[in-house]
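Protein chains in written order, with our numbering: chain E, 1318 to 1584; chain C, 276 to 369.
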């Protein structure tokens, strides 16, 4: 079915509703107390990452593994699976085992997700890489380096005595800043196109993760962080933004009755 | 079946477009073919006569990046660009 303006507007309405309701749930849980916030905060990851994983799997089946888009969606599914596994490990450790989940095996899966997401960006941009100008690359790199400097200042600058935790903490802003470059390039390249909606959401999601990672690491260093605190809303928003981006992209390339384009030759 | 020169060139252009779009992914080709059919009532080989349709569909889908995709199609047709009709198609794609 053709993506109409009405459908895009409706989709944005649902996106706004998802973002707002997620924020309300977290804030309401925080108003009830820290324990309620931890429980609500942990279980909020089940639908957000779960839906993202389902949508990513649908995208893989839709695009297959052929072509640059196919490779891109395969990598994205890897990211979604890593994120889902990481969140489930986090919940298992914090809610059931009641141990501090940072740093832990969950971080391995969070970190594995980054190369997959980078692979997605690179594979998707591969067919249009000739359109990437030096100016574009320079502008996004400057932005990325600024983000990295800020991230490292927040994490390493306020590091604790735990060297391992500080190193793990420092990896996140480095990876975040790397991802921001292709995400911004994609937004610029596909500007005015229908696929730009997905790229904008992915870019906003990447920025949300960066801010949330900085808040998380700062909170960890001050030992004041807990799962489900208001800053964590940005993590949920990232998954929601990505999920709506995938949904929009899959709808855009919705399969229709196959038509043989060469049929006209025989007419 | 008579195969005219025009039909051969249409097939050549269609093949180049398909090669680039399939390189991006089969659903991309299907999406472009569907848009050409629904919006302009034509098939991929008809882009030989109406390259502006292809331009509009790609721009609608990929925004600013459409020019790069067009560039790939041009690259595929480079060795046939000495032929007037193919040259005309390539110029119209600009």
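Just so you know, even glycine gets a beta-carbon here, dropped at the ideal spot from N, CA and C. Note that the structure is a prediction, hence the values are computed from the model and not measured.
Are the region 1554-1566 of chain E and the region 1332-1343 of chain E touching by the rule of at least three beta carbon pairs closer than 8 Å? yes
Please state if the CB of residue 1503 (chain E) and the CB of residue 1442 (chain E) are separated by a distance shorter than 8 Å. Here the question's residue 1442 (chain E) lines up with position 125 in the first chain. Here the question's residue 1503 (chain E) lines up with position 186 in the first chain. Yes. Within cutoff.
With 8 Å as the limit, tell me which residues of the region 1447-1462 of chain E have their beta carbon closer than that to any beta carbon of chain C; keep them in chain order. 1447 and 1448
Compare the C-beta of residue 372 (chain C) with all C-beta atoms of chain E and state if any pair is closer than 8 Å. Nothing about residue 372 (chain C) can be reported from this structure: the residues present for chain C run from 276 to 369 only.
Alpha helix (DSSP H) segment containing residue 1562 (chain E), residue limits: In the first chain, the residue the question calls residue 1562 (chain E) occupies position 245. Looking at the DSSP string, the run of the alpha helix (DSSP H) that includes residue 1562 (chain E) is 1550-1569.
Exposed unless 16 or more other CB atoms sit within 10 angstroms - verdict on residue 1551 (chain E): Working through the first chain from its first residue, we reach residue 1551 (chain E) at position 234. The residue is buried, with at least 16 neighbouring Cβ atoms inside 10 Å.
Which residue wins for smallest C-alpha separation from residue 1365 (chain E), given the options E:1349, E:1397, E:1378 and E:1381? The residue labelled residue 1365 (chain E) in the question sits at position 48 within the first chain. Considering only alpha carbons, the answer is E:1397.
Using a beta-carbon distance below 8 Å, is residue 355 (chain C) in contact with chain E? Numbered from its first residue, the second chain carries residue 355 (chain C) at position 80. By this cut-off, residue 355 (chain C) is not an interface position.
Give me the residue from C:363, C:300, C:302 and C:336 with the minimum Cα distance to residue 1516 (chain E). Within the first chain, numbered from 1, the residue matching residue 1516 (chain E) stands at position 199. Nearest option by C-alpha distance: C:336.
From residue 1437 (chain E) to residue 1377 (chain E), what distance separates their C-alpha atoms? The sequence position of residue 1437 (chain E) within the first chain is 120, counting from 1. The sequence position of residue 1377 (chain E) within the first chain is 60, counting from 1. Approximately 12 Å between the Cα atoms of the pair.
Report the rounded CA-to-CA distance for residue 1492 (chain E) versus residue 1529 (chain E), giving the unit in angstroms. Residue mapping note: residue 1492 (chain E) aligns to position 175 of the first chain, counting from 1. Residue mapping note: residue 1529 (chain E) aligns to position 212 of the first chain, counting from 1. Rounded to whole angstroms, residue 1492 (chain E) to residue 1529 (chain E) spans 13 Å at the Cα level.
Kindly indicate which three-state DSSP category residue 1483 (chain E) falls into: helix, strand or coil? In the first chain, counting from the first residue as 1, residue 1483 (chain E) sits at position 166. It is helical.
Can you give me, in chain order, the residues of the region 313-338 of chain C that have a beta carbon less than 8 Å from any beta carbon in chain E? Result list: 313, 317, 318, 319, 320, 321, 334, 335, 336, 337 and 338.
Can you give, in chain order, each stretch of the beta strand (DSSP E) that sits fully within the region 1372-1442 of chain E and has at least 3 residues? none
One question on the structure: do residue 1407 (chain E) and residue 1420 (chain E) come within less than 8 Å of each other, judged by their Cβ atoms? The sequence position of residue 1407 (chain E) within the first chain is 90, counting from 1. The sequence position of residue 1420 (chain E) within the first chain is 103, counting from 1. In this structure, residue 1407 (chain E) sits away from residue 1420 (chain E), with a CB-CB distance that is not shorter than 8 Å.
Taking Cβ positions only, does residue 1395 (chain E) come closer than 8 Å to chain C? Taking the first chain and counting its residues from 1, the one referred to as residue 1395 (chain E) is at position 78. Judged by the 8 Å Cβ criterion, residue 1395 (chain E) is not in contact with chain C.
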